[in-house]
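Data block below; observations after.
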Amino acid sequence: MRTLHSDVIVDAVAKMCVSANRYLPEDVRRSFAEADAKEKAPAAKEIFRQLTENYELAEKSGLPLCQDTGLAVFFVEMGQDLRIEGENIREAINHGVRKGYEEGKLRKSVCDPFTRANTKDNTPAVIHFDIVPGDRLRIGFMAKGGGSENMSRVTMLAPAQGWEGIKKFVLQRVAEAGPNPCPPTVIGIGIGGSFDYAPILAKKALMRKLGDTNPDPGLDAMEKELLAEINKLGIGPMGLGGVTTSLDVKIAVSPCHIASLPLAVNVQCHSARHEEVEL
Amino acid sequence: MAEYRINSPISDADAKMLRAGDVVFLSGTIYTARDAAHKRLMELIDAGKELPFDLKGSAIYYVGPSPAPEGRPIGSAGPTTSYRMDSYAPRLHALGSKASIGKGKRNDAVKQALKDHGAVYFGATGGAGALLSMCITAAKVVAFDELGPEAIRKLTVKDFPLLVINDSVGGDLYVKPDLKAVGLE
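Taken in order, these protein sequences are the chains called A and B.
Everything in the first sequence is counted per the working numbering, starting at 8 for the first residue and increasing by one.
Everything in the second sequence is counted per the working numbering, starting at 3 for the first residue and increasing by one.
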């Protein structure tokens, strides 16, 4: 049994909240450069120029990349041979969020759904826990913006609709969202599981690096096929036209009920802010 | 498509001259308001009370900035998605507001209000909050401080970079998705 003090978690989470909001990940920077090289339209190229200047400026000035520093979403994999001392793990993660969002001058964007009163410290975070073999703790963090989240959808398709039905729903969703979610977007797709599990799969898929390869060759081919289709829509960066409506598509699947084909589409903005740490 | 340097408050003539696709560098005074502040403004209008700023010629920026770091007037300050303010915008244009600034599509009622009242809808680059912050030289909360990031702020901007998305003659810059290309039409 390994023991880890909660203070380590608090500090690691606080640090991730700040750095993910200030430093655009390398995979996203590379993706911008590759997409820009493919664009011919001046408006699309101008958006990539501004986004590049923006991440350079954020890194230099310490300002967050975007004023929407997100709802804090975590994927936690806790080894079953690990014991946490001090605060319980949920409290430690929320403590880290409070600390990171305050010290990093990040916007507090969480409120009561009815009164809309701001909780003033960006908590509670949304935390997905998983118990895994071993004695390590992996914490994945995503600063999830509201504009792109609002464009996300979940649906229960009939099994007969299959892959063609899935593609159609995703394409209609991306087309309808248009310029709203800050394209070029990243599209996380969860297929299977249940009504509640499909969106978790979709969100977790967004934790992957842009431009990586899905370890399942079949899914990898589907991701590439769907990305090519999405980019035929011509919405382009910020909806001003171009060949880059999305930077990437990520698919995660899980077996489902014989009656169902759950599908979730989680839309992420161009600045796919995410980080992971292992403790 | 032309490029203009325009001052805010925006004159009737300037607002009417702009066309979808024009690049505008806006300087002067603009006001921030997003979801919660718009709701409060409507309540004040309903009650016949005085508003915290003069709507005449005003440009309303849909933004909830991040906190100002030491030595800067404001934090990151890019646009939020505009459709959430669609139910409020026509009323503000009817009372003299000449522009809103945000990102994303507007509904038909807003587009009609732009025509009826000679106003424009500007797009700023979403997710470029640090870059846009550099064009803001002063910021002061003028109402609803308790709303935190959603408070109404008076901003002084210098050459704030904008694109005209919807103009006063029905022009719309946003590209229609090519549904035919993917077999959806």
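Even for Gly, the Cβ is constructed at its ideal location relative to N, Cα and C.
Distance, residue j Cα to residue i Cα
i: N168 of chain B; j: T220 of chain A; result: 40 Å
i: L254 of chain A; j: A96 of chain B; result: 40 Å
i: K257 of chain A; j: A50 of chain A; result: 27 Å
i: A153 of chain B; j: D223 of chain A; result: 48 Å
i: L240 of chain A; j: K45 of chain A; result: 15 Å
i: D198 of chain B; j: S89 of chain B; result: What the structure shows of chain B is the stretch from 3 to 187, and residue 198 of chain B is not part of that stretch, so it cannot be assessed.
i: A15 of chain B; j: S170 of chain B; result: 11 Å
i: V250 of chain A; j: G125 of chain B; result: 20 Å
i: R215 of chain A; j: E84 of chain A; result: 15 Å
i: I103 of chain B; j: R90 of chain A; result: 51 Å
i: P188 of chain A; j: P81 of chain B; result: 11 Å
i: A266 of chain A; j: P166 of chain A; result: 7 Å
i: H281 of chain A; j: I96 of chain A; result: 20 Å
i: S13 of chain B; j: A101 of chain B; result: 10 Å
i: A182 of chain A; j: A259 of chain A; result: 22 Å
i: E109 of chain A; j: E283 of chain A; result: 20 Å
i: A99 of chain A; j: D14 of chain A; result: 7 Å
i: Q87 of chain A; j: V20 of chain A; result: 20 Å
i: L178 of chain A; j: Q168 of chain A; result: 14 Å
i: D110 of chain B; j: A79 of chain A; result: 34 Å
i: L81 of chain A; j: I8 of chain B; result: Correcting the residue type first, residue 81 of chain A is Phe in the shown sequence and not Leu. So the alpha carbons of these two residues sit roughly 44 Å apart.
i: K127 of chain A; j: H40 of chain B; result: 20 Å
Assigned exposure category for residue i - 16 Cβ within 10 Å defines buried
i: M3 of chain A; result: The question about residue 3 of chain A has no answer here: the residues shown for chain A are numbered 8 through 286.
i: S201 of chain A; result: exposed
i: K160 of chain B; result: exposed
i: E45 of chain B; result: exposed
i: N28 of chain A; result: buried
i: T34 of chain B; result: buried
i: M23 of chain A; result: buried
i: S60 of chain B; result: buried
i: R108 of chain B; result: buried
i: F121 of chain A; result: exposed
i: H12 of chain A; result: exposed
i: A209 of chain A; result: buried
i: P92 of chain B; result: buried
i: A235 of chain A; result: exposed
i: R180 of chain A; result: buried
i: G218 of chain A; result: exposed
i: K182 of chain B; result: exposed
i: A124 of chain A; result: exposed
i: P190 of chain A; result: buried
i: G225 of chain A; result: exposed
i: L77 of chain B; result: The displayed chain sequence assigns Gly, not Leu, to residue 77 of chain B. The residue is buried, with at least 16 neighbouring Cβ atoms inside 10 Å.
i: R155 of chain B; result: buried
i: G185 of chain B; result: exposed
Start and end residues, alpha helix (DSSP H) containing residue i
i: Q57 of chain A; result: P49 to S68
i: L233 of chain A; result: P224 to N238
i: I207 of chain A; result: Y204 to A212
i: E109 of chain A; result: I96 to E110
i: R173 of chain A; result: According to the sequence as given, residue 173 of chain A is Ile; it is not Arg. Start and end: G169 to A184.
i: L46 of chain B; result: D37 to D48
i: V184 of chain B; result: First-last for V184 of chain B: undefined, no H or E at that position.
i: L116 of chain B; result: D110 to H119
Pick from the options that is closest to residue i, judged by C-alpha positions
i: H264 of chain A; options: A:I237, A:L286, A:I198 and A:T251; result: A:I198
i: D37 of chain B; options: B:S170, B:G150, B:F55 and B:G125; result: B:G150
i: M8 of chain A; options: A:Y62, A:R143 and A:V17; result: A:R143
i: A42 of chain A; options: A:L286, A:E236, A:H281 and A:H277; result: A:H277
i: G66 of chain B; options: A:P269, A:R114 and A:P244; result: A:R114
i: G93 of chain A; options: A:P186, A:A48, A:V17 and A:L31; result: A:V17
i: G248 of chain A; options: A:L78, A:P186, A:F39 and A:D88; result: A:P186
i: R21 of chain B; options: B:K142, B:K41, B:K178 and B:D174; result: B:D174
i: C137 of chain B; options: B:Y6, B:S99, B:L57 and B:I32; result: B:I32
i: S84 of chain B; options: A:L178, A:D203 and A:G153; result: A:G153
i: P244 of chain A; options: A:E33, A:R145, A:R123 and A:A48; result: A:A48
i: I176 of chain B; options: B:S135, B:D24 and B:K156; result: In the sequence as displayed, the identity of residue 176 of chain B is Tyr instead of Ile. Out of B:S135, B:D24 and B:K156, B:D24 has the C-alpha closest to the C-alpha of Y176 of chain B.
i: P71 of chain B; options: B:L157, B:S135 and B:K18; result: B:S135
i: A212 of chain A; options: A:G195, A:Y204, A:G77 and A:V117; result: A:G195
Span of the beta strand (DSSP E), counted from its first residue to its last, around residue i
i: N9 of chain B; result: E5 to S10
i: R114 of chain A; result: That residue, R114 of chain A, is in no beta strand (DSSP E); it is neither H nor E in DSSP.
i: M149 of chain A; result: L144 to K151
i: F136 of chain A; result: V133 to V139
i: A271 of chain A; result: L268 to Q275
i: R160 of chain A; result: R160 to L164
Distance cut-off 7 Å: residue i Cβ against heavy atoms of the ligand NAD
i: Q57 of chain A; result: The ligand NAD is absent from the structure shown, which contains no ligand whatsoever.
Cβ contact check for the segment 129-139 of chain B and the segment 71-80 of chain A: 3 or more pairs under 8 Å: yes
Hey, is the segment 159-172 of chain A in contact with the segment 262-273 of chain A, meaning 3+ C-beta pairs nearer than 8 Å? yes
For the pair the segment 164-180 of chain B and the segment 46-55 of chain B, tell me if three or more CB-CB distances fall below 8 Å. Judged by Cβ distances under 8 Å, the segment 164-180 of chain B makes no contact with the segment 46-55 of chain B, as fewer than three pairs qualify.
Should the segment 56-63 of chain A be regarded as contacting the segment 128-145 of chain A, the criterion being three or more beta carbon pairs within less than 8 Å? no
Does the pairing of the segment 121-134 of chain A with the segment 95-109 of chain A give three or more beta-carbon distances under 8 Å? yes
Against chain E, which members of the segment 39-70 of chain A pass a CB distance test of less than 7 Å? The structure shown contains no chain E; its protein chains are A and B.
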